[in-house]
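Residue numbers (my numbering), protein chains in the order written: chain E, 199 to 662; chain F, 659 to 718.
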């Protein structure tokens, strides 16, 4: 049985493989062929691991032949952002510099959990250097093109991961989100992305960027797939000092429970002003489907975004200071100048930013006394053109690359769980809407996303 | 802050932490540093209560 033209969901692949109507080897082979045909144009993968993929797929098929259950992700093909450790490879994180590092001794914890559940790793994916960017225009690895419009960026920093999912070069992908790096490319490419609560998913074996803000999580073409992968990834890990050690809270069994009586608010103020009219329309579209028009103010969003901006620059610079001193010219120029500037930040700003972050989390907690779910655009606009320098918002011109995260940064700054759900209106590029829940309430955000998808209000862009 | 003031500040801070700056990189660094200072002004304008303590491990 061959794969149909439109790629199957992860859930459908796993069901077919476990039900012996399709082999994992066939799925892997067909997906590798799809990558071979399309990756040169998209630049989603930096390295295709065909040998490993086929070995993992054969192992899944052998397990099924033996009467064993390989797991909930049996035969699901996926890629990882090139900052996840893959045994035997150096973890490049989009850089030249990291190519001098020794190869990883073992897979990152999340990659191991994917394998333990029967998933099949296809390769590593293009990103902004060291995850410091929103466009995946990488001076070393090239630009990832948006599968919906090749003249536009895929978003970043997980651009290769989102583009791979949007183009069917993998059913799902693993990525990271420090300031919006899952939600921004999900928005631009028209797929679902989950940034879980800070501390939920272990980052062990993922090359760091900003310890206080780094999250890891999945991208997928359906809300169900997002929940399926999220459930496989959950669980504490003692080697991530920020991992909170929460009990497993499987989302998939809850997904079909239609949320009722939810108090849903549309974030106003900053989240309205820093979005263009189409981004606002997308939020209204989702809010209408949920039967709400309630506006809610979240005081301090601008300061929270500034905090994220400063903490990112300072911690990112500190992480890379030795290389900034010794070989600054080896960095991607865009990353280099941000990191060099971050190294010079006065402590007063950084320390104040940390306290503002705590203060802002208290503002959010107050809002969540009255609301269960908050809505906001994931990006101020749809995908920008490759090389575009400015954005026009609220009657002003903004530097494009620094401003794409205006609406994601205040949310990740305080670690809230978010699903970015794609809104695809006829004749328009996709755009994501953030479905934001209170801390540790990922399941609720996923249920709302699944409900909206079932109603047809959100859904991944058609695979081209 | 004038461009000259900013340039002197960048030079002094880089020297203080032993960070060499290639002249070719300076315009980009200075532009980014100016952007960071603007963000710094925003956080400094928040009247954070004295008992607002940044947690060593942030628990949202």
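Glycine is no exception: its CB is placed at the ideal position from the N, C-alpha and C atoms.
Since we're looking at a predicted model, the values are computed, not measured.
- Going by beta carbons, residue 512 of chain E and residue 467 of chain E fall outside the 8 Å limit.
- Counting along the chain, residue 260 of chain E sits inside the alpha helix (DSSP H) bounded by residues 248 to 263.
- With respect to chain E, the C-beta atom of residue 702 of chain F has a partner C-beta closer than 8 Å.
- Counting only Cβ-Cβ distances below 8 Å, residue 680 of chain F has contacts in chain E at 526 and 527, in chain order.
- Counting the other Cβ atoms within 10 Å of the Cβ of residue 418 of chain E gives 16 or more, which makes it buried.
- Taking 8 Å as the CB threshold, residue 671 of chain F lines the interface with chain E.
- Collapsing the DSSP output to three states places residue 375 of chain E in a strand.
- Counting the other CB atoms within 10 Å of its CB gives residue 493 of chain E a total below 16, which places it among the exposed residues.
- For the pair residue 370 of chain E and residue 423 of chain E, the CB atoms are nearer than the 8 Å cut-off.
- The C-beta of residue 659 of chain F has fewer than 16 other C-beta atoms within 10 Å across all chains shown, which makes the residue exposed.
- In this structure, the straight-line span from the alpha carbon of residue 385 of chain E to that of residue 661 of chain E is close to 15 Å.
- For the stretch 397 to 417 of chain E, the set of residues with a beta-carbon nearer than 8 Å to any beta-carbon of chain F comprises 397 and 410, in chain order.
- DSSP, reduced to helix, strand and coil, places residue 328 of chain E within a helical segment of the structure shown.
- Taken through DSSP and simplified to helix, strand or coil, residue 470 of chain E comes out as helix.
- Using a Cβ distance threshold of 8 Å, residue 655 of chain E and residue 620 of chain E do not count as a contacting pair.
- For the stretch 408 to 460 of chain E, the continuous alpha helix (DSSP H) assignments of 4+ residues that do not extend past its boundaries occur at 421 to 431, in sequence order.
- Here DSSP, grouped into helix, strand and coil, assigns residue 633 of chain E to strand.
- In this structure, residue 687 of chain F sits near residue 539 of chain E, with a CB-CB distance shorter than 8 Å.
- In the structure shown, residue 336 of chain E falls within a strand segment according to DSSP collapsed to helix, strand and coil.
- Cβ-Cβ distances below 7 Å link residue 474 of chain E to 578, 579 and 591 in the same chain, with the five nearest sequence neighbours on each side left out; the list follows chain order.
- A Cβ-Cβ separation of about 23 Å leaves residue 323 of chain E out of contact with residue 396 of chain E under the 8 Å criterion.
- A contact between stretches requires three or more CB pairs, one per stretch, nearer than 8 Å, and the stretch 519 to 531 of chain E fails this requirement with the stretch 598 to 605 of chain E.
- If you draw a straight line from the Cα of residue 313 of chain E to the Cα of residue 605 of chain E, it is about 34 Å long.
- Near chain F, meaning a CB-to-CB distance below 8 Å, the residues of the stretch 529 to 541 of chain E are 531, 534, 535, 536, 538, 539, 540 and 541.
- Bridge partners of residue 588 of chain E according to DSSP: E/597.
- Interface residue (Cβ-Cβ distance to chain F less than 8 Å): residue 232 of chain E is not classified as such.
- The DSSP assignment places 307 to 314 as complete runs of the alpha helix (DSSP H) inside the stretch 279 to 329 of chain E, in order along the chain (cut-off: 4 residues).
- Distance from the CA atom of residue 345 of chain E to the CA atom of residue 377 of chain E, rounded to whole angstroms, is 23 Å.
- Taking 7 Å as the upper bound on Cβ-Cβ separation, chain F lies near residues 637 of the stretch 621 to 643 of chain E.
- In the DSSP assignment, residue 609 of chain E falls within the alpha helix (DSSP H) that extends over 607 to 610.
- When E/241, E/274, E/301 and E/246 are compared, the shortest CA-CA separation from residue 338 of chain E is found for E/241.
- Residue pairing of residue 463 of chain E in beta bridges, as defined by DSSP: E/572.
- The closest CA to that of residue 448 of chain E, considering only E/352, E/247, E/222 and E/640, is found on E/640.
- Residue pairing by DSSP puts residue 341 of chain E in a beta bridge opposite E/335.
- Judged by their CB atoms, residue 497 of chain E and residue 550 of chain E are not nearer to each other than the 8 Å cut-off.
- Judged by their CB atoms, residue 400 of chain E and residue 438 of chain E are nearer to each other than the 8 Å cut-off.
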